[in-house]
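**Student:** Below is a structure I'd like to ask you about.
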Ligand SMILES: [Zn+2]
């Protein structure tokens, strides 16, 4: 799947960003410095706090990513909710929006979710083996 078709709603743990200016930083030197000193490095550009580029509890959801996710949800006729407990909002609302918009909803999760009764297909199983058997990739 092309990168521009992936919406990283909760960010990406493979790199870091400055919380103040948004500058991207590579994660390895930050992780190494933190493990050595127990202190997070500051941003080269502005002196702000640098952390993994994930959205933590208490941080605002990225508006652009939320808008793109909503557009994709409304445009699709099939919504796959894979590996989510579907309890953390606002992201957990997207399967509901898709279903109300006429999409088929498939949930693949090891444990039951509150949305299982609304889904067209529910698989309580491990993601890796299920998707490997579906794609033929082992
Ligand atoms: Zn900065």
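Residue numbers (our numbering): -19 to 118. Yeah, the Cβ is synthetic: ideal placement off N, Cα and C, and Gly gets one too.
(1) Report back the beta-carbon spacing between residue -8 and residue 29 to the nearest angstrom; my notes put them in contact at under 8 Å.
(2) Residue 119 by DSSP, collapsed to three states: which one?
(3) Measure the alpha-carbon distance for residue 38 versus residue -10 and round it to whole angstroms.
(4) Does the count of Cβ pairs from the stretch -9 to 8 and the stretch 72 to 81 closer than 8 Å reach three?
(5) What residues in its chain sit with their C-beta under 8 Å from that of residue 77, if we drop five residues either side in the sequence?
(6) With DSSP collapsed to three states, give me the class of residue 82.
(7) So, is residue 101 buried or exposed, given that buried needs 16 or more other C-beta atoms within 10 angstroms?
(8) Please enumerate, following chain order, all residues with a beta carbon closer than 5 Å to at least one heavy atom belonging to ligand 2.
(9) Compute the Euclidean distance between the alpha carbons of residue 82 and residue 96, then round it to the nearest angstrom.
**Tutor:** According to the data block:
(1) That pair is no contact at about 17 Å.
(2) Residue 119 cannot be examined here, being either before or after the span of the chain that is shown, -19 to 118.
(3) 12 Å
(4) no
(5) These residues qualify, in order along the chain: 50, 53, 54.
(6) Three-state DSSP puts residue 82 in coil, outside helix and strand.
(7) exposed
(8) As presented, the structure is devoid of ligand 2, carrying ligand 1 as its sole ligands.
(9) 16 Å
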